[in-house]
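So that you can map any letter, position 105 of the sequence shown is 105 in UniProt numbering, and since no number is skipped, the others follow by simple counting.
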Amino acid sequence: MRSFNIVLISCILFFLSCKKDKITNDLETSVMKKLDTTVVENKEITISNTIDLEPIKTDIPQFNDKEADAFVKKVKKYFEQIAEANRSNNPDEILELQIRANDIDTEMQEIKNKLSKEKQKQLSDWYMKLVNAASK
Numbered sequence: 001m002r003s004f005n006i007v008l009i010s011c012i013l014f015f016l017s018c019k020k021d022k023i024t025n026d027l028e029t030s031v032m033k034k035l036d037t038t039v040v041e042n043k044e045i046t047i048s049n050t051i052d053l054e055p056i057k058t059d060i061p062q063f064n065d066k067e068a069d070a071f072v073k074k075v076k077k078y079f080e081q082i083a084e085a086n087r088s089n090n091p092d093e094i095l096e097l098q099i100r101a102n103d104i105d106t107e108m109q110e111i112k113n114k115l116s117k118e119k120q121k122q123l124s125d126w127y128m129k130l131v132n133a134a135s136k
């Protein structure tokens with residue numbers, strides 16, 4: 001009887017250890033499959049190599065406000081950098097400049113709040129000309 005109990009307990013322990021290994025293996029396989037899935041697909045970036053810089057060259061607004069005029073110069077330089085990055089077909093620089101666009105938009109809102117309604121409209125119109133020129 002004693003040997004029967006030992007064999008029975010051994011079989012039960014063997015069965016449980018095999019089941020635990022199978023569960024662990026299944027879990028590891030599941031985790032590895034999730035880790036192997038690609039989150040971002042590498043796609044070729046298509047870049048237009050021409051940006052119309054006419055709004056930067058001809059329609060530059062003057063505000064007689066130190067901050068607003070400095071902002072206009074900063075935006076002008078920014079769009080010139082975008083045009084140059086597009087001409088040189090440099091996707092890394094373009095991406096870096098696009099990230100900076102949010103900062104420029106935020107700064108524009110701050111500058112607009114300090115200007116009169118007429119000057120706000122003038123700044124918005126000029127800025128939209130630049131955005132439209134860059135998006136074509």
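Just so it is clear, CB atoms sit at the ideal spot from N, CA and C, and this is done for glycine as well.
Fair warning: this is a prediction, and the values are worked out from it, not measured in the lab.
Looking at the structure shown, is residue i part of a helix, part of a strand, or coil, going by DSSP?
i    : result
Q98  : helix
Q62  : coil
N113 : helix
N132 : helix
V40  : Caution is warranted here: a pLDDT of 46 is assigned to V40, below 50, making its placement in the model unreliable, and no coordinate value can be reported.
What separation, rounded to the nearest whole angstrom, lies between the Cα atoms of residue i and residue j?
i           : j    : result
K119        : N64  : 10 Å
A70         : N89  : 28 Å
V75         : E110 : 14 Å
V116        : V72  : Position check: residue 116 holds Ser in this sequence, whereas Val was assumed. For S116 and V72, the distance between alpha carbons rounds to 16 Å.
S135        : T106 : 19 Å
E67         : I104 : 13 Å
residue 138 : L97  : Since the first residue shown for the chain is 1 and the last is 136, residue 138 is missing from the structure and cannot be characterised.
Y127        : I99  : 17 Å
A133        : I60  : 14 Å
K77         : K114 : 22 Å
T38         : Q62  : Reliability of the predicted coordinates at T38 is poor, the pLDDT of 46 falling under 50, and the value obtained from them is presented with this limitation in mind. Taking the straight line from one Cα to the other gives about 50 Å.
D92         : E84  : 13 Å
F79         : K121 : 20 Å
Since residue i and residue j should fall inside the 8 Å C-beta cutoff, what is the C-beta to C-beta distance between them, to a whole number of angstroms?
i           : j    : result
L123        : K112 : 6 Å
residue 202 : N102 : There is no way to answer for residue 202, as the model of the chain reaches only from 1 to 136.
Note the first and the last residue of the continuous alpha helix (DSSP H) segment covering residue i.
i   : result
N86 : 66–87
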